Amino acid sequence: MQFAHPAMLWLLLLLIPVIAWYIIRRHKEPSLGISSTFAFSKVSGGCKAMLRHLLFAMRVLAAACLIVVLARPQTYDSWSRTNVEGTDIVLVLDISGSMRAGDLGRVNRLEAAKKVASQFVAGRQNDNMGLVVFAGESFSAVPLTSDRAMLANYIGGVKTGLISADGTAIGDGIASAINRIKDGQAVSKSIILITDGSNNAGVVAPETAAEIAKDLGVKIYTIGVGNTRSSNEAVPYLDENGNLIDYALVAPIDTETLERISSMTGGKYFAATSSTALSDVFSEIDALEKTEFDVRNFSHTEDDYMPWAWIAFGLFALQLLLKVTVVRSIP
Numbered sequence: 009m010q011f012a013h014p015a016m017l018w019l020l021l022l023l024i025p026v027i028a029w030y031i032i033r034r035h036k037e038p039s040l041g042i043s044s045t046f047a048f049s050k051v052s053g054g055c056k057a058m059l060r061h062l063l064f065a066m067r068v069l070a071a072a073c074l075i076v077v078l079a080r081p082q083t084y085d086s087w088s089r090t091n092v093e094g095t096d097i098v099l100v101l102d103i104s105g106s107m108r109a110g111d112l113g114r115v116n117r118l119e120a121a122k123k124v125a126s127q128f129v130a131g132r133q134n135d136n137m138g139l140v141v142f143a144g145e146s147f148s149a150v151p152l153t154s155d156r157a158m159l160a161n162y163i164g165g166v167k168t169g170l171i172s173a174d175g176t177a178i179g180d181g182i183a184s185a186i187n188r189i190k191d192g193q194a195v196s197k198s199i200i201l202i203t204d205g206s207n208n209a210g211v212v213a214p215e216t217a218a219e220i221a222k223d224l225g226v227k228i229y230t231i232g233v234g235n236t237r238s239s240n241e242a243v244p245y246l247d248e249n250g251n252l253i254d255y256a257l258v259a260p261i262d263t264e265t266l267e268r269i270s271s272m273t274g275g276k277y278f279a280a281t282s283s284t285a286l287s288d289v290f291s292e293i294d295a296l297e298k299t300e301f302d303v304r305n306f307s308h309t310e311d312d313y314m315p316w317a318w319i320a321f322g323l324f325a326l327q328l329l330l331k332v333t334v335v336r337s338i339p
């Protein structure tokens, strides 16, 4: 409860001297001197004497209620309504054989990408997200969903070799993602492509897929994963547990194509040369792809003085009724 005119409550202090005056007056009432009280010892004053005090108390309480009415008690309610506009995001993950290269630290490229991608998914609470994996062919693994736990669990189980055709079909991977995201309900749509090579398989050129994405208003963020600069550089291949499998030559990343794809669609290209850099890349994309919140605050104030007014009226009416019936004053 709040008051529109709280200063009026100071008037309650005026009731203190009124109460004090009543008490003093009762002690100074005139008395009749008699030689003995024996004749009155068995006479009871009954409840009328107490009722006289009750009448005064009722008048004081009624006056207090009127002061509260003057202060205008009010009830105040406030609430907010939040409309959340998430984004549709499809992760396109390269699972070709070269993603087993261990040039990012203690884990191979794929395991590093899976870890950071799972963390990214967990942090996007209001988005619909999906997953496409590709090697020599592409496969739509998870359609757009708000079930982040299920998506993260699927990402954790992805391995190289799930697609028998080896190679790097970047264009096909983007095309599969576009097919998934084009019917999404969100206004903002994005594709995050994670790869470590150049397009050498598939039937759709990366630029063709990017042109389609541009026409549909879909941004493409491209991430080049790996620290290999030359095709003559042999790098260790690691399994999912970080154990050495073999050494092999790995082709460098086609950064020009990845930059062109992202530039065409309004996205951005990122180079992830370490696990830490890969984590930083996803943090930056997370900041770029913001979820829109429309928060509206509402409030309602309603006067609540009528109950106090009715109490004051009831007390005044009751004490008046008692005064003219049960408790009669001698003029």
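In terms of our numbering, the sequence shown opens at residue 9 and continues consecutively.
Ideal Cβ placement from N, Cα and C applies to all residues, glycine included.
Nothing here was measured: the structure is a model prediction, and the numbers come from that model.
Below-8 angstroms beta-carbon distance, residue i vs any chain B residue
i, result
"Thr273", "Checking the listed chains, one finds no chain B in this structure; it contains a single protein chain."
Coarse secondary structure for residue i, derived from DSSP in three states
i, result
"Glu310", "strand"
"Ile199", "strand"
"Val76", "helix"
"Thr273", "helix"
"Pro315", "helix"
"Asp191", "coil"
"Asp96", "strand"
"Asp262", "coil"
"Gly232", "strand"
"Val115", "coil"
"Phe48", "Any answer about Phe48 is weak, because its pLDDT of 44 lies below 50 and its placement is not dependable; what the coordinates show is given next. Phe48: helix per DSSP, three-state reduction."
"Asp204", "coil"
"Ile253", "strand"
"Asp247", "coil"
"Thr224", "Position check: residue 224 holds Leu in this sequence, whereas Thr was assumed. Leu224: coil per DSSP, three-state reduction."
"Ala285", "helix"
"Ala242", "strand"
"Ala279", "strand"
Integer Cβ distance of residue i from residue j, believed to fall under 8 angstroms
i, j, result
"Gln10", "Glu310", "Rounded, the Cβ-Cβ distance is 11 angstroms, inconsistent with contact."
"Ile182", "Ala221", "7 angstroms"
"Val77", "Tyr313", "5 angstroms"
"Tyr162", "Ala149", "6 angstroms"
"Ile200", "Ile293", "6 angstroms"
Identity of the residues DSSP links to residue i by a beta bridge
i, result
"Pro81", "Phe11"
"Ser86", "Ser307"
"Phe128", "In DSSP, Phe128 forms no bridge with anything."
"Asp102", "Phe142"
Beta-carbon spacing of residue i, residue j below 8 angstroms
i, j, result
"Ser184", "Lys227", "no"
"Asp174", "Gly105", "yes"
"Ala218", "Thr176", "no"
"Val243", "Asp111", "yes"
"Gly225", "Ile261", "no"
"Leu101", "Thr168", "no"
"Ile189", "Asp96", "yes"
"Ala157", "Gly232", "no"
"Ala15", "Ala320", "no"
"Leu323", "Leu59", "no"
"Asn207", "Ile186", "no"
Near the ligand FMN: residue i beta-carbon under 7 angstroms from a heavy atom
i, result
"Gly164", "Looking at this structure, you won't find the ligand FMN or any other ligand, since it has none at all."
Please give me, in chain order, every unbroken run of the alpha helix (DSSP H) with length at least 4 that falls completely inside the segment 132–179.
The segment 132–179 is shown to contain whole alpha helix (DSSP H) runs of 4 or more residues at 156–165, in chain order.
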